[in-house]
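So the protein lines, in turn, are chains Z and X.
1427 is the number that the numbering used here gives the last residue of the first sequence; the numbers go up by one with no jumps.
488 is the number that the numbering used here gives the last residue of the second sequence; the numbers go up by one with no jumps.
Ideal Cβ positions, reconstructed from N, Cα and C, are used throughout, including at glycine.
On a predicted model such as this, the values are computed, not experimentally measured, just so you know.
Contents: one structure, followed by commentary.
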Amino acid sequence: MTAMNPPFAKTHKSLKYIQSCAIIALMPVLLWSVYLFGARVITQTLISVFMATLSESIYFYYSSGRDFRLFASTMNFHAPIITGILIAMMMPSSAGLYIPLFAPIIATILFRSVWGGVGHNLLNPAVAAAVISGLAFSKDMTSFVLPYSYHNMLSISISEAYLRTAAAFSPLQLLQNNEVYGGGTASLFYGVSPGCNGEAGIAVLLLAGAYLCISRAGNYRAGITYIASLFIISFVFPRSDSEAVYYALWQVMSGGVVFLAVFACNDPVTTPIRGTGKYIFGFGCGVLTYVLRLFVPIIDGAYIALLVMNLLTPVINKLTVRLPYGLTRGVAYKDPTPKHSDDNDDVVFIAHDYGEDDYPKRRR
Amino acid sequence: MALSFRGGIEPEPDLKSRLRYTSIVNCLMPQKLTFSPGKRNITVSPDETVAIGQPLTDGEMPIYAGISGTVATRPDGLGGTQIEIIGDGLNTIWDMLSPVSKPLNELTREDITTLAKRFSVYDTRSGKALWKLISACKPAKRVIINCCETDFLTVSTGELVIESVSSLANGAKLLMKALDVGKAVFVCERDRKSVKQALESVSDKSGMFVAAEIELKYPICPETIYEALYGREIPCGKDSGATGCLIVSAETVIQLYESFVSGVPQIYKVFATGGKYMANPSIVRAPIGAQIRDIVIASGGLNATCDCFVFGSVMNGEWSDTLHRTVSVTTNQVLALQERPVRFGSCIRCGSCCNVCPMFLEPMRYAIALEKGMDASAYKYSELCLECGCCEYICPANVPLLQCVREQKSIRVGKEQL
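Structure (structure tokens):
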């Protein structure tokens, strides 16, 4: 019988629990976008999830020495499912079906498995893959359609003629071109506006975020700071003739800001460890989003801002490191004397154990 | 508002359910007591008859017999000798036991220290001698009495406090007298309302006591209590005495007073038995040196075959596959638990362990270093670890963090010895 080590209790918040919570939180977002943009979203999601799971499984199978039993017992299927859904949520419904075929492979292999699997990646795989596919298929990723304009769920790419009937600029594109979005704030809040699948309904995203916080699978710190800092900066430096509040709301509610604040900022792997670090992370994201939206035309600045802050996470972790208990800053650490002194007096009553038959027995 | 400290874990639904006990049960007089005298010289000869309260060894804190019976000695297999008392069932009390003759309010600091030595009073949490804690506490400012439980499952300390709250108050007065301080603080947990009420009933009368409520968190140890009460930290490498606070467990204080008035030294220990496989979870008062196996059998035995016994808290207790152990001063809990699965996993760098560590360490660093096969001594604070087990409890990726830190500690100790 091998000796067991304490603790003999374990939290229920395992990695699988956290990831299942994220999947559950993504479901209302998925349903809402299906309602807004039609069944094509389902096709995109299914292909994306399938490709993510397949590519990660294949990589993991080969990296675990082609041992199927080891593979089956240690493979974590939750991670690629989340990545798959996230990628599908970060593309417009009119995008060709080759994007969900291609982007998850990039995400799972290039941005996670090669680094060493869950926990070893520096960048958020889904966001990184969305940026790459935004660069590679910029036409697909930037041609948005009006809500309730449902398309064939199985056609590989939507023809130009069909697209032209429903094409519209997204609020973010209008914002970046210094034009006016006439839909109003309410349409942004409920997502009844052109945009990517998952980024549309702010109300639904906030619900998902609340669920993550209540189930303790996520943390509100980074997300709230992100949204708040972007709002404040846009309010102070508006680049439009409209009322500053509306401009700031427009900045926050268009594009992927809230989506990233809820899902990417809650990723335990690529965000800072400590609370202070999370605030810094969120603030950095907000500032960078505002700045990058001025200069980057094709891709939403929020994505790049998040990736930049992902890269800075190790630095933030180092900056926010806490001094261990009882130490004072500036005083060099010296090992305290080991507790096991020769003073046998104190440990006299420590219990001894005996075998039943071979009594007395040597202490274990 | 309950006081709180940084780090530590809050109970989750599966851990929150305190075991339902009735009250403290005196265990039937055991047949046999076993002691290891350590460095003390045995003063009784084999086949001599001893009575309850009779010293078995010399030394400034002797070992006392908890039952009456015949003495036997045998080698303990480690080069020393063990004393064994085979009970005669008569429970005769040693006729030379006498309570303190002076009125208790006229005792001086020296008197109290000597008497604490004579009655062999040890702190039941840390296992340190009470007189050493008293003498290490200078300049004395506060007496802090820990009425919290060892973990979320047990209620033994609370029940003991409710049962003998007046002894607790009087013992606290003795300690205040010994240290010449004017105030004592009782620390109890937020969810134990009855304990709080009992403590407040004492503190109302005199005004010398304060009952402080601490957030329901684990671990509750001198370091975290001090931080919760004062918002400061005990300097590294020093005990709580260096800050002027004497932090002792409630049971010690009760024992001190009861020894002073009855003359019986510390020969009993109150502890809880529990866990999934314990047929009749209870709080037992048993003589020190008794076989835990006998006590468990007397209190109802086990439900099923069990291979996982934990001596101490569920979070950092010692494991054994048998119950062949003796009751010691630091036995606070005996659990018969379900075997826990072997933990293995690779760190996902989520940082949960860093956020729950009450010493603000970064246990994940050890795990990462071990994964990479590197020497983890780059992160040098392993000696500060309390081994409370919070990090491993909270780890979502199942990394055996406590084991990693313990290995690191033993490596460091080995290096020092070389």
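For this session: Compute the Euclidean distance between the alpha carbons of Ala-1249/Z and Ser-1256/Z, then round it to the nearest angstrom.
Result: 10 Å
Problem set entry | Cβ shell of Val-114/X (< 7 Å), same chain only, five flanking positions each side left out | Val-120, Leu-126 and Val-141
Exercise. Looking at the C-beta of Val-1177/Z, does it have a partner C-beta in chain X at a distance below 8 Å?
Worked result: In terms of beta-carbon proximity, Val-1177/Z stays away from the interface with chain X, with every pair separated by 8 Å or more.
For this session: Give the interface partners of Leu-1390/Z over in chain X, defined as CB-CB distance under 7 Å, in chain order.
Result: Cys-306
Problem set entry | Against chain Z: residues of the segment 388-400 of chain X by CB proximity under 9 Å | Within the segment 388-400 of chain X, the qualifying residues are Glu-388, Trp-389, Ser-390, Asp-391, Thr-392, Leu-393, His-394, Arg-395, Thr-396, Val-397, Ser-398, Val-399 and Thr-400.
Problem set entry | Cβ contact check for the segment 1141-1155 of chain Z and the segment 1189-1206 of chain Z: 3 or more pairs under 8 Å | Of all C-beta pairs linking the segment 1141-1155 of chain Z to the segment 1189-1206 of chain Z, three or more are shorter than 8 Å, placing the two stretches in contact.
Exercise. Ordered along the chain, which non-local residues of its own chain (more than five positions away) have a Cβ less than 7 Å from that of Tyr-1396/Z?
Worked result: Leu-1390
For this session: Compile a chain-ordered list of the residues in the segment 1067-1086 of chain Z whose CB is closer than 7 Å to at least one CB of chain X.
Result: Met-1067, Asn-1068, Pro-1069, Pro-1070, Phe-1071, Ala-1072, Lys-1073, Thr-1074, His-1075, Lys-1076, Ser-1077, Leu-1078 and Ile-1081
Exercise. Exposed or buried, what is Gly-1128/Z when buried is set at 16 or more other beta-carbons lying within 10 Å of its beta-carbon?
Worked result: exposed
Exercise. Per DSSP, which one or two residues make a beta bridge with Ser-352/X?
Worked result: In DSSP, Ser-352/X forms a bridge with Thr-343/X.
Exercise. Under three-state DSSP, which class holds Leu-1369/Z?
Worked result: Annotated three-state conformation of Leu-1369/Z is helix, per DSSP.
Exercise. Hey, how far is the Cα of Glu-1119/Z from the Cα of His-1141/Z?
Worked result: Distance between the alpha carbons of Glu-1119/Z and His-1141/Z is about 11 Å.
Problem set entry | Beta carbon proximity, Glu-1419/Z to chain X, threshold 8 Å | Bear in mind that the predicted position of Glu-1419/Z carries a pLDDT of just 45, short of 50, making it too unreliable to give a figure here.
For this session: Using the DSSP secondary-structure output, state which residues sit across from Val-1354/Z in a beta bridge.
Result: Val-1354/Z is not bridged to any residue.
For this session: Pick helix, strand or coil for Asn-1241/Z, following the three-state DSSP scheme.
Result: coil
For this session: Kindly indicate if chain X contains any beta-carbon less than 8 Å away from that of Val-1308/Z.
Result: Taking Cβ atoms only, chain X never reaches closer than 8 Å to Val-1308/Z, which makes this a no.
Exercise. Who are Gln-152/X's beta bridge partners in DSSP?
Worked result: Beta-bridge pairing links Gln-152/X to Arg-144/X.
For this session: Count the CB pairs spanning the segment 173-183 of chain X and the segment 241-259 of chain X that are closer than 8 Å, and state whether there are at least three.
Result: Contact holds between the segment 173-183 of chain X and the segment 241-259 of chain X, because three or more Cβ pairs, one in each stretch, are under 8 Å apart.
Exercise. Quick one: does Asp-1398/Z have its CB under 8 Å from some CB of chain X?
Worked result: yes
Exercise. Which residues in the same chain have their Cβ closer than 8 Å to the Cβ of Asp-1409/Z, if we skip the five residues on either side of it in sequence?
Worked result: Any answer about Asp-1409/Z is weak, because its pLDDT of 44 lies below 50 and its placement is not dependable; what the coordinates show is given next. Taken in chain order, the list of residues that qualify is empty.
Exercise. Which one or two residues does DSSP pair with Lys-102/X in a beta bridge?
Worked result: According to DSSP, residue pairing for Lys-102/X in a beta bridge involves Ile-156/X.
Exercise. In the structure shown, what three-state DSSP assignment does Arg-254/X receive?
Worked result: According to the sequence as given, residue 254/X is Ala; it is not Arg. In the structure shown, Ala-254/X sits in a strand (DSSP, three-state: E or B).
Exercise. Is it the case that the Cβ atoms of Ala-1170/Z and Ile-1150/Z are separated by a distance below 8 Å?
Worked result: yes
Exercise. For a contact meaning CB atoms closer than 8 Å, what does Gly-1182/Z contact in chain X?
Worked result: Ser-416, Cys-417, Ile-418, Arg-419, Cys-420 and Ala-467
For this session: Can you tell me the Cβ-Cβ gap for Met-434/X and Cys-417/X, rounded? I've got them flagged as a contact below 8 Å.
Result: 5 Å
Exercise. Quick one: does Val-1320/Z have its CB under 8 Å from some CB of chain X?
Worked result: With 8 Å as the cut-off, Val-1320/Z does not count as an interface residue toward chain X.
Problem set entry | Reference Thr-136/X; option with closest CA among Arg-144/X, Ile-317/X, Gln-101/X and Asp-128/X | Strictly speaking, residue 136/X in this sequence is Gly, with Thr absent from that position. Out of Arg-144/X, Ile-317/X, Gln-101/X and Asp-128/X, Gln-101/X has the C-alpha closest to the C-alpha of Gly-136/X.
Exercise. In its own chain, which residues sit with a C-beta less than 6 Å from the C-beta of Asp-1406/Z, not counting the 5 before and 5 after it?
Worked result: Model confidence at Asp-1406/Z stands at a pLDDT of 47, short of 50, so the residue's coordinates are unreliable; what they give is reported in the following sentence. Excluding residues within five positions, none has a Cβ falling inside 6 Å.
For this session: Would you please verify whether the beta carbon of Leu-286/X is less than 8 Å from any beta carbon of chain Z?
Result: no
Problem set entry | Contact with chain Z by Leu-431/X, beta-carbon distance below 8 Å | yes
For this session: Closer than 7 Å by C-beta to Asn-1184/Z: which residues in its own chain qualify, once you throw out the five before and the five after it? Chain order, please.
Result: Phe-1174, Arg-1175, Trp-1178, Val-1332 and Thr-1333
Exercise. For Ser-74/X, which residues of its own chain have a beta-carbon under 8 Å away from its beta-carbon, when the five flanking residues on both sides are left out?
Worked result: Ile-284, Glu-285, Lys-287 and Ala-298
Exercise. By Cβ distance, which residues of its chain are closer than 6 Å to Ala-1324/Z, with the 5 residues on each side in sequence left out?
Worked result: Within its own chain, the residues whose Cβ lies closer than 6 Å to the Cβ of Ala-1324/Z, once the five positions on either side in sequence are excluded, are Gly-1286, Tyr-1289 and Ile-1290, listed in chain order.
Exercise. If you compare alpha carbons, which of Pro-1387/Z, Gly-1281/Z, Ala-1072/Z and Ile-1265/Z is closest to Tyr-1017/Z?
Worked result: What the structure shows of chain Z is the stretch from 1064 to 1427, and residue 1017/Z is not part of that stretch, so it cannot be assessed.
Exercise. Between Thr-1108/Z and Ile-1172/Z, is the Cβ-Cβ spacing less than 8 Å?
Worked result: no
For this session: Name the two residues that bound the continuous alpha helix (DSSP H) containing Arg-179/X.
Result: For Arg-179/X, the enclosing alpha helix (DSSP H) begins and ends at 179-188.
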